[in-house]
Amino acid sequence: MAFLYKKEKIMNFIEDLKWRGALNQVTDEAGLLEAMDNGQIGAYVGTDPTADSLHLGHLIPFMVLKRFQNAGGKAVIIVGGVTGAIGDPRPTTERQLLSTGQLATNEVGISQQVTKLFGSDGTKIVNNNEWLGQLTLPEFLRDYGKLFSINVMLKKDVVASRLATGISYTEFTYQILQAIDFLQLWRRENVRLQIGGSDQWGNITAGVDLIHTIEGNGASAFGLTIPLMTDSTGKKFGKSEGNAIWLDPKKTSPYTFYQFWFNQSDADVVKYLKYFTFLSPEEIDDLAQEVAENPGNRLGQRRLAQEVTRFVHGQAAVEEAEQLSAALFSGDVSELTTEQIGDVFAGVPSFDIMNEPQNIVDFIVAAGIDKSKRQAREDVSNGAIHVNGIKITDLETMVDPRANYDGKYVLVRRGKKKYFLGKVQGTAL
RNA sequence: GGGAGUGUAGCGAAGUCUGGCUAAACGCGACGGACUGUAACUCCGUUCCUUCGGGUUCGUAGGUUCGAAUCCUACCGCUCCCA
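So for the first sequence, this note's numbering puts the first residue at 674; every next one is plus one.
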């Protein structure tokens, strides 16, 4: 069951990850493959609910978990709970604790997204509050604390780097909690593998060690980490204009999501195709050749955008994003009908606007397109602003919302490819 | 508890000794423009707000001075060393 692509290249789970550049370290490669062959086992990824939605950074371990699932394994995901309330230490500074209300909201949002990605069949989403929440301090100290050596804990990279700047006792304890999670899932859900980013290595091995200590050295428990994702210029992957790309369509529209992938550079497409799609090595090799020979066609980028958008938002969203992209990047937007605008542009950031003429600069700021008048003036002067397809360069221009699209919409473009849809409200009092 | 440092725009980092020429160097990031393939590279411009007169900034609050990021006092945060 650990084998994929039986009709084409034969690769097992690990070989496939290696080929995709998605493998950093494994605790015991041969042991893991053997365990996978001996019957279905589970693997888990933990997520702390630091926001009400997942973003692309989270998708990285989830992609590997999904491959594990596709290879016949059982996917288990921990969404926050106690570990989320504590905070995984960052290498630099102490985290700000989230309120319990915020945590609860975040957990709900993230659980829904995870369910969408993994399906409900056989996938298990758990909250570690189930076991960590019941644990009393005396039990914690007697049953677990005794098994952890401070000397070893201090050597973990994250802790070591924090010794210079300071780390609270709370965050220091995090690795123990995560180790307990692994142990509990090992017992409850037959989880034998924990998957995480390369920064999770220390936490993961803490869990493997704990299982070996309690369940015996022969106990089958493995850890696997994924390399840090960077783009070809060495920057951390997953940001657009300095903002995170969210999986929640309300926070990042499927159109924006699609465009994020579509705009990847030639140097990165193949890497991302391997990483973020479930296309076979043959298909990816073909696309790689296409990118090398006819980069201008952007076939690789297009396929990447389609595949990832489909995985996260579904086929309908792909079609909408492509329609919208076609409308925005090919023809003249002033030719579009009111209906087309309403249908197709739903995915673009929108704002409400009063039904009365307004100076262009004030209009831009009121719409939230720029954050200050200074910036708005600069953009207008630079010829960066188009209203309903017409470039505006005069700072004194008045924008009349009634002028186009039956007075219902005002379509604004800033720069080469950022669109905003103004929805005209009633007349101002 | 004692001692030594440190806190500057989104980030990093000058400027502080020798107060005015500093809305504050430089780098990164970000935004816009040119080029292009909705790419990368490169180049150019912008990057506190503004009714374009000016206004408000350099941890916080006071003080000295004609004038303070720069000097003084107190307080707050962070780091290190000693106890």
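For glycine and all other residues, C-beta sits at the position ideal for the given N, C-alpha and C.
**Report entry** Entirely enclosed beta strand (DSSP E) segments - the region 861-890, minimum 3 residues
**Finding:** You should have 864-870.
Report task. Assign Q988 to buried or exposed, taking buried as 16 or more other Cβ atoms, counted over all protein chains shown, within 10 Å of its Cβ. Result -> Against the first sequence, residue 988 aligns to sequence position 315. Burial call: exposed.
Report task. Run the CB neighbour count on N1055, radius 10 Å, all protein chains shown included, and call it buried at 16 or more, exposed below. Result -> Within the first sequence, the letter at position 382 stands for residue 1055. Its Cβ having fewer than 16 others within 10 Å, N1055 is exposed.
Query - Nearest candidate by alpha-carbon position, reference Q851, set W804, D794 and Y1082 - result: Position 178 of the first sequence holds residue 851. Nearest in C-alpha terms to Q851, of all of W804, D794 and Y1082, is W804.
Requested in this report: Within the same chain, show all residues whose beta-carbon is closer than 7 Å to that of T778, passing over the 5 residues directly before and after it, in chain order.
Outcome: Mapped onto the first sequence, residue 778 falls at position 105. Excluding sequence neighbours, T778 sits near D725.
Requested in this report: Indicate the three-state DSSP secondary structure (helix, strand or coil) for G1080 in the structure shown.
Outcome: Counting from one through the first sequence, the residue named residue 1080 turns up at place 407. DSSP places G1080 within a helical segment (H, G or I) once states are collapsed to three.
Query raised in the report: When the Cβ atoms of the region 944-952 are set against those of the region 993-1009, are three or more pairs found closer than 8 Å?
Result: With a cut-off of 8 Å on Cβ pairs, the region 944-952 is not in contact with the region 993-1009, counting fewer than three such pairs.
Requested in this report: Decide if P764 is buried, meaning its Cβ has at least 16 other Cβ atoms within 10 Å, or exposed.
Outcome: Residue numbering aside, residue 764 sits at position 91 when the first sequence is read from its first letter. P764 should be labelled exposed.
Query - For Q974, the nearest candidate out of T982, F935 and D958 (CA to CA) - result: Within the first sequence, residue 974 is the residue found at index 301, counting from 1. Comparing C-alpha distances from Q974 to each of T982, F935 and D958 shows the shortest one belongs to F935.
**Report entry** Where S1023 sits in the DSSP three-state scheme
**Finding:** Working through the first sequence from its first residue, we reach residue 1023 at position 350. In the structure shown, S1023 sits in a strand (DSSP, three-state: E or B).
Report task. For R1103, I'd like the list of residues in its chain whose CB is within less than 8 Å of its CB, leaving aside the five on either flank, ordered along the chain. Result -> Any question about residue 1103 goes unanswered here, given that the chain covers just 674 to 1102.
Query raised in the report: Along the chain, where does the alpha helix (DSSP H) that runs through F935 open and close?
Result: Within the first sequence, the letter at position 262 stands for residue 935. Segment P927 to F935, the alpha helix (DSSP H) holding F935.
Query raised in the report: Tell me, which residues are paired with H728 by DSSP?
Result: Along the first sequence, one-based indexing puts residue 728 at 55. Bridge partners of H728 according to DSSP: W919.
Query raised in the report: Skipping 5 residues on each side, what residues in its chain have a beta carbon closer than 8 Å to that of T846?
Result: Position 173 of the first sequence, counted from the start, is the residue given in the question as residue 846. Excluding sequence neighbours, T846 sits near I759.
Query raised in the report: Do you know whose CA, among D794, Y1092, L729 and K1096, lies nearest D1079's CA?
Result: Translated into the one-based positions of the first sequence, residue 1079 becomes position 406. Of D794, Y1092, L729 and K1096, the residue nearest in Cα terms is K1096.
Requested in this report: Determine the direct distance from the alpha carbon of I1058 to that of T700, and round the result to whole angstroms.
Outcome: Here residue 700 corresponds to residue number 27 of the first sequence, with the count starting at 1. Here residue 1058 corresponds to residue number 385 of the first sequence, with the count starting at 1. Near 54 Å, if we compare the C-alpha coordinates of I1058 and T700.
Report task. State the start and end residues of the unbroken beta strand (DSSP E) segment that holds G1095. Result -> Start at 1 with the first residue of the first sequence, and residue 1095 comes out as number 422. From DSSP, the beta strand (DSSP E) with G1095 extends over K1091 to V1097.
**Report entry** K829, DSSP secondary structure in three states
**Finding:** For the purposes of this step, residue 829 is taken as the residue at position 156 of the first sequence. Reduced to three states, the DSSP call for K829 is coil.
Query - Reference A990; option with closest CA among G754, H728, D794 and K923 - result: As a first step, residue 990 must be located in the first sequence, where it is residue number 317. Taking only the C-alpha atoms, the option nearest A990 is K923.
Report task. Give, in chain order, every unbroken run of the alpha helix (DSSP H) that is at least 4 residues long and sits entirely within the region 972-1003. Result -> For the region 972-1003, whole alpha helix (DSSP H) runs of length 4 or above, ordered along the chain, are 972-986 and 988-1002.
Report task. Measure the beta-carbon distance from I899 to A695 and round it to whole angstroms, keeping in mind my assumption that it falls under 8 Å. Result -> For the purposes of this step, residue 899 is identified with residue 226 of the first sequence, where counting begins at 1. For the purposes of this step, residue 695 is identified with residue 22 of the first sequence, where counting begins at 1. Right, the Cβ-Cβ distance comes to about 6 Å (below 8 Å), so this counts as a contact.
Query raised in the report: Should L883 go down as buried or exposed, given a rule of 16 or more other Cβ atoms within 10 Å for buried?
Result: The residue given as residue 883 occupies position 210 in the first sequence. Around the CB of L883, 16 or more other CB atoms lie within 10 Å, so the residue is classed as buried.
Requested in this report: Can you have a look at L1102 and say buried or exposed, based on whether 16 or more other CB atoms are within 10 angstroms of its CB?
Outcome: Counted from its first residue, the first sequence places residue 1102 at position 429. Low local confidence applies: a pLDDT of 44 at L1102 is under 50, so the model's placement there is unreliable, with the coordinate-based value given in what follows. Burial is judged here by how many other beta carbons sit within 10 angstroms of a residue's own beta carbon; L1102 has fewer than 16 and is exposed.
Report task. Reducing DSSP to helix, strand and coil, say where P811 ends up. Result -> Against the first sequence, residue 811 aligns to sequence position 138. Looking at P811 - three-state DSSP - the assignment turns out to be helix.
Query - Nearest-angstrom Cβ-Cβ length linking G969 and N1028, presumed shorter than 8 Å - result: By 1-based counting over the first sequence, the position of residue 969 is 296. By 1-based counting over the first sequence, the position of residue 1028 is 355. Your pair G969 and N1028 does not check out as a contact, with CB atoms roughly 43 Å apart and the cut at 8 Å.
Query raised in the report: What residues in its chain sit with their C-beta under 6 Å from that of T796, if we drop five residues either side in the sequence?
Result: To locate residue 796, count along the first sequence from 1; it is residue 123. The residues are A748.
Query - Burial state of A708, where buried means 16 or more other Cβ atoms lie within 10 Å - result: The count along the first sequence starts at 1 and reaches residue 708 at position 35. The residue is buried, with at least 16 neighbouring Cβ atoms inside 10 Å.
Report task. Report the option in V1060, A1076 and I1065 whose CA atom is closest to the CA atom of L1094. Result -> Counted from its first residue, the first sequence places residue 1094 at position 421. Ranking the options by Cα distance to L1094, first place goes to V1060.
Query raised in the report: Does DSSP put M674 in a helix, in a strand, or in coil?
Result: Taking the first residue of the first sequence as 1, we reach residue 674 at position 1. Note that M674 scores a pLDDT of 46, beneath 50, so its modelled location is shaky; the value from the coordinates is reported in the next line. In the displayed model, M674 falls within coil according to three-state DSSP, outside both helix and strand.
Requested in this report: Can you tell me which of the three DSSP states K680 falls into?
Outcome: Counted from its first residue, the first sequence places residue 680 at position 7. At K680, the pLDDT of 49 sits below 50, so the modelled position is not reliable and the matter cannot be decided from this model.
Report task. Could you pull the start and end residues of the beta strand (DSSP E) that I840 belongs to? Result -> As a position in the first sequence, residue 840 is number 167, starting the count at 1. No beta strand (DSSP E) holds I840; DSSP gives it neither H nor E.
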